[in-house]
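A quick write-up on the structure given underneath.
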Amino acid sequence: MIENFLAGSATLFGDPFTIGIFIFGVLGGMLFGAIPGVSMLTLAAILLPFTADLSPAQGVMLFAVIYCTGTYGGAITAILFNIPGAPENAPTAFDGYPMTQKGMAGKAVGAAVLCSAIGGVASALVMMSATEPLAQWAIMNIGPPEIFALVFFGLAVASSVGGRTIWKGWLSVLLGLLIATIGQDPVGGINRFNFGYSDLAAGIAFVPAILGFFAVSEIFIQAEKNVSGKYSAPKFNVDFPSFLELWAHKIAVVRSIFVGFFCGILPGIGATLAAFMGYGEAVRWSKNKSEFGTGKLEGVISSETANNAATGAAMIPLLALGLPGGALTAMMVAVFQMHDLEPGPLVFYNSPELIWIVFAAMFYANLSILFVGLIETKTILYLLKIPFQFLAPMILMLASIGAYISRGLVLDVIVMFIAGIIGFLLRRSGYSIPGIVLGLILGKIGEQNFAQGMQMVHYDLGTYFSRPICTILIVAGVLTLLKSLHSAFFQKSKAT
Amino acid sequence: MKFNFKKQFSTFALVTGFAATASMSMAGECRVAEASMDKPGGFPDRALTMIVPYGPGGGSGQVAAAMAEAVTGLTGVNINRDHKPGGSGTVGMTAYMAAPADGYNVLEHIDDASSAHALDSSRPNPAEDLIPLVVSQVTFSQIYIRSNETRYTDWPSFVKWVQAQNGKATIANVSKEGSMERVIMKFITEASDMQIQQISFDKGAPRYGALLGGQVDALFEQPGDVRKFLDAGNFKPILTVFNERPGVFSDVPTHKEMGMDFEPLLRFRGFYVHKDAPSDRVDWLKWAFQRAYCEDSYQAFNDSKFMNVIDSYRDTAGAIDMINAAIVQYRDVYKEMGLDVK
């Protein structure tokens with residue numbers, strides 16, 4: 019493995035043009051990942067035709083690098099302005115933005131940079147050492163019932179995040195699940211709650227919903243404070259987290275690497291579920307669950323480690339089996355095909371040099387996050403010095419463009435503002451915005467896999483429990499729910 | 548309720564299946580003589596926009612990219628692809644119908660547009676509300692099993708095994724209501740007197756992964772979409788849903804050979820322009836897209852997708868015939884299936 023890695027590194031850095039492509043991918047992924055709506059997918063779609071003029075290794079490598087750095091890029095705006103660049107950065111905003119408000123933006127961004135790099139590098143190392151056996155294991159053991167059980171397990175802790183009480187947390191999650199049912203049902207294609215609007219047949223898109231619930235509602239809240247004279251600008255601070263602060267969260271980092279890697283290896287799942295699951299597990303194992311959503315460093319660490327840990331893992335089913343884990347890896351298939359190649363088992367035998375250049379590039383791309391990210395952070399934090407009167411319209415404009423550009427639908431801008439108003443009202447009443455977003459994103463994934471799973475087990479729910487991984491996850495989820503209910507009643511009885 | 552298969556699809560067979568079979572030798576051949584055409588009034592003097600109602604990585608996204616590249620290579624006119632996925636193509640179609648009918652906006656769509664209109668006539672009719680520029684991919688479906696499967700190895704043993712499972716056997720496909728996949732599976736199961744649970748996966752990767760990993764027993768798909776698994780020896784076709792054995796699958800029996808007397812429904816992908824677009828611009832677009840089909844880059848793409856196994860080409864008239872026939876026959880089938888045909 020080391021010989022192959024060194025050979026891949028030598029090829030990568032032995033040609034100035036290839037180095038140029040690598041640097042372009044690193045910077046382009048970070049930039050496009052940071053702008054809401056204009057994601058790394060946008061960049062990849064623009065670049066796709068041009069990869070025909072590159073060598074196969076250069077083309078695939080470019081997309082792999084964009085995938086790594088683009089996944090990280092959205093964390094910065096999530097932390098500084100409550101605008102996640104992409105759905106996989108949404109959990110980062112749960113605690114990242116409150117940290118900014120507390121004058122801890124430097125710590126949050128620094129942790130995001132470091133943990134994205136750690137998660138990505140760890141994932142790349144595992145990818146290099148065990149791609150084929152891991153892909154085979156995942157494909158043999160994880161089907162729709164297991165993915166549904168995983169989502170159920172993840173949702174079971176969602177009530178703890180951000181709500182004033184557990185009951186309000188649960189109502190928030192249920193609202194998210196309800197919103198997730200809008201549009202065609204994922205198996206039969208039957209329209210639900212679209213009220214005759216064909217654009218709603220696809221459901222509520224993640225990007226405008228996230229922008230509305232996070233960014234727009236925040237603008238409204240800050241505007242209200244401004245009008246009532248209670249507004250105070252975020253304290254400017256560029257202090258990065260100390261080594262001891264980060265070391266204190268070593269378990270959270272390791273846990274998120276495992277969680278992110280596991281989610282990333284599942285075909286069709288990818289980094290978004292990884293980020294939410296990583297965050298959820300941090301909450302589950304914390305002794306101070308109520309602190310999550312209020313500006314806890316561990317929240318940022320868990321989310322950003324997990325989503326980048328999913329990037330290397332998502333390459334495993336793609337390269338070993340030809341199964342893309344998400345939209346960007348699906349576009350990588352097109353890059354392969356433009357060069358008369360097909361990802362899958364044969365590519366390891368037919369084009370080993372290509373595989374190892376890609377592996378090496380992903381390793382170095384994740385390391386680049388650390389260096390470029392730290393430099394970027396020292397400069398981008400100065401945006402916080404812009405007065406609210408100027409910053410708010412800029413954020414609203416950026417969010418509106420982001421909501422529109424992702425699908426080119428005015429409906430998405432309307433959805434964003436409606437979500438912003440609902441988010442504003444619910445936040446004032448102590449409901450949880452993270453809970454709603456968790457319900458929305460995990461609800462869509464969960465419902466689809468539940469319906470497919472039910473078809474597979476012939477609508478006999480009991481058969482779910484004949485599958486060991488499924489059983490473990492469902493039982494653990496139920497226990498978490500019971501514990502949560504117990505806490506809720508205990509809180510109530512203590513209060514009375 | 549049993550279908551009267553012989554009654555079904557007579558027109559559709561004539562227009563699609565038989566036509567495709569009869570012209571298998573013409574697959575990939577160029578049928579547009581003019582190598583160039585003057586731009587009418589300077590049109591187009593800027594890039595075209597192609598609305599694609601599916602994501603960039605799937606079959607539609609790939610054919611849209613290949614055709615856009617071929618048209619640009621031929622004419623020098625750039626094409627911006629605008630992906631609007633969701634609602635089984637509904638979102639993209641709605642957006643397209645709302646776009647200016649000036650010839651600068653074109654649409655990629657698949658046979659789902661025809662079946663959607665057949666189920667609900669308020670949805671756009673691709674043969675009347677749109678003008679087909681070219682249909683550039685026509686393909687058939689097959690049923691696949693894992694190559695290392697030991698419980699069954701061919702279609703007869705598969706049917707026998709499924710019948711013994713009492714409805715517990717599973718097959719992965721895209722079985723949304725009224726889809727081509729669901730209709731064909733209904734024909735197959737009734738003609739074979741077997742019950743099989745269809746598991747609907749709307750994305751390719753989980754669908755293929757389900758068969759690779761043994762989560763399902765078989766897969767319903769078109770050969771171009773699983774070519775890499777065929778080349779790698781992971782999957783093996785055991786039934787071709789087409790009237791004749793295509794050359795590259797000469798060892799795979801057709802449904803008719805296995806005693807199923809229905810005419811196959813085909814998957815087709817094409818490019819359209821709004822019916823109200825200026826006629827001289829439409830003529831130029833027809834030439835550009837039909838001639839681009841002949842470009843080496845597009846032919847190489849179709850070859851890589853098994854799309855030249857049968858004749859994939861339909862000009863405007865041929866496409867209209869195929870769409871009209873498909874709509875009539877889908878509507879008849881839906882009524883017999885008891886669906887709410889509007």
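In order, the protein sequences belong to chains A and B.
Numbers 19 to 514, taken from the working numbering, label the letters of the first sequence in order.
Numbers 548 to 889, taken from the working numbering, label the letters of the second sequence in order.
We treat Cβ as the ideally placed atom computed from N, Cα and C, and that holds for glycine.
Beta-carbon gap between residue i and residue j smaller than 8 Å
i, j, result
"A/M14", "A/V83", "Any answer about residue 14 of chain A is impossible in this case: the structure gives chain A only from 19 up to 514."
"A/T87", "A/G47", "yes"
"A/A332", "A/L66", "no"
"B/P632", "A/M349", "no"
"A/G317", "A/A300", "yes"
"A/V431", "A/P226", "yes"
"B/P784", "B/I690", "yes"
"B/F789", "B/P770", "no"
"A/G313", "A/D113", "yes"
"A/L414", "A/V191", "no"
"A/L195", "A/G461", "yes"
"A/L491", "A/F276", "no"
"A/I334", "A/A153", "yes"
"A/L284", "A/A156", "yes"
"A/F483", "A/F166", "no"
"B/E655", "B/F776", "no"
"B/A890", "B/F767", "No statement about residue 890 of chain B is possible, as the shown extent of chain B runs from 548 to 889 and does not include it."
"A/N92", "A/A52", "The amino acid at residue 92 of chain A is misidentified as Asn; the sequence shows Gly. For A/G92 and A/A52, yes; Cβs fall inside 8 Å."
"B/D827", "B/G588", "yes"
Spatial neighbours of residue i in its chain, beta-carbon cut-off 6 Å, leaving aside the 5 residues before and after
i, result
"A/V321", "Per the sequence shown, residue 321 of chain A should be read as Ser rather than Val. For A/S321, where only same-chain residues beyond five positions count, the Cβ hits under 6 Å are P109, T110, A293, G296, Y297."
"B/Y877", "S662, A665"
"A/L80", "I39, G43"
"A/A220", "G201"
"A/A70", "M356"
"B/V682", "F815, G817, R861, A866"
Bridge partner(s) assigned by DSSP for residue i
i, result
"B/H664", "Answer is none; B/H664 lacks a bridge partner."
"B/Y691", "B/L766, B/P784"
"B/F815", "B/V685"
"B/V856", "According to DSSP, B/V856 bridges with nothing at all."
"B/D629", "B/I598"
"B/R754", "Bridge partners of B/R754: none, in fact."
"B/T801", "B/T787"
"B/V820", "B/V653, B/I678"
"A/T87", "The partner list for A/T87 (beta bridge, DSSP) is empty, contrary to what the question assumes."
"B/Q745", "B/I718"
Beta-carbon contacts of residue i that lie in its chain and below 7 Å, excluding the five residues immediately before and after
i, result
"A/G34", "The sequence as given places Pro at residue 34 of chain A; Gly does not occur at that position. Nothing listed; no residue qualifies."
"A/L24", "none"
"A/I459", "P105, F224, T290, F294"
"B/A642", "I598, K631"
"A/V144", "F279, G330"
"A/I228", "P102, P105, A108, V455"
"B/A617", "A839, E842, S844, Y845"
"A/R445", "S235, I239, I451"
"A/V78", "M350, V353, F354, L372, V376"
Anticipated Cβ contact below 8 Å, residue i with residue j, distance rounded
i, j, result
"B/D667", "B/G636", "Not quite, the Cβ-Cβ distance comes to about 13 Å (not below 8 Å), so this is no contact."
"A/T29", "A/I375", "5 Å"
"A/L315", "A/K125", "6 Å"
"B/V795", "B/F782", "Not confirmed; about 14 Å, so no contact."
"A/N100", "A/F232", "5 Å"
"A/H357", "A/P74", "4 Å"
Chain-order list of residues whose beta-carbon lies under 8 Å from that of residue i (same chain, five-residue window excluded)
i, result
"A/M412", "I404"
"A/F211", "T199, I200, G201, L218"
"B/N627", "A594, L595, T596, M597"
"B/K822", "A648, E675, D676, L677, I678"
### Query
In chain order, what residues of the segment 737–749 of chain B put their CB closer than 8 Å to some CB of chain A?
Q744, Q745, I746, S747, F748, D749
### Message
Beta carbons nearer than 9 Å to chain A: which residues of the segment 607–640 of chain B have them?
### Response
G608, Q609, A612, A615, E616, T619, R628, D629, H630, K631, P632, G633, G634, S635, T637, V638, M640
### Query
What residues from the segment 420–447 of chain A come within 8 Å of chain B, judged by C-beta to C-beta, listed N to C?
R425, G426, L427
### Task
Using a Cβ-Cβ cut-off of less than 9 Å, list which residues of the segment 768–784 of chain B approach chain A; keep chain order.
R774, K775, F776, D778, A779, G780, N781
### Message
Along the segment 833–866 of chain B, where does the CB come closer than 7 Å to a CB of chain A? Name the residues.
### Response
S851
### Task
With 9 Å as the limit, tell me which residues of the segment 63–76 of chain A have their beta carbon closer than that to any beta carbon of chain B; keep them in chain order.
A63, L66, P67, A70
### Message
Using a Cβ-Cβ cutoff of 7 Å, what residues of the segment 467–491 of chain A are near chain B? List them in chain order.
### Response
Q470, Q473, M474, H476
### Query
Got a sec: which bits of the segment 31–46 of chain A sit with their beta carbon under 7 Å from any beta carbon on chain B, in order along the chain?
none
#### Entry: Under 8 Å (Cβ pairs) to chain A, residues found in the segment 693–711 of chain B
none
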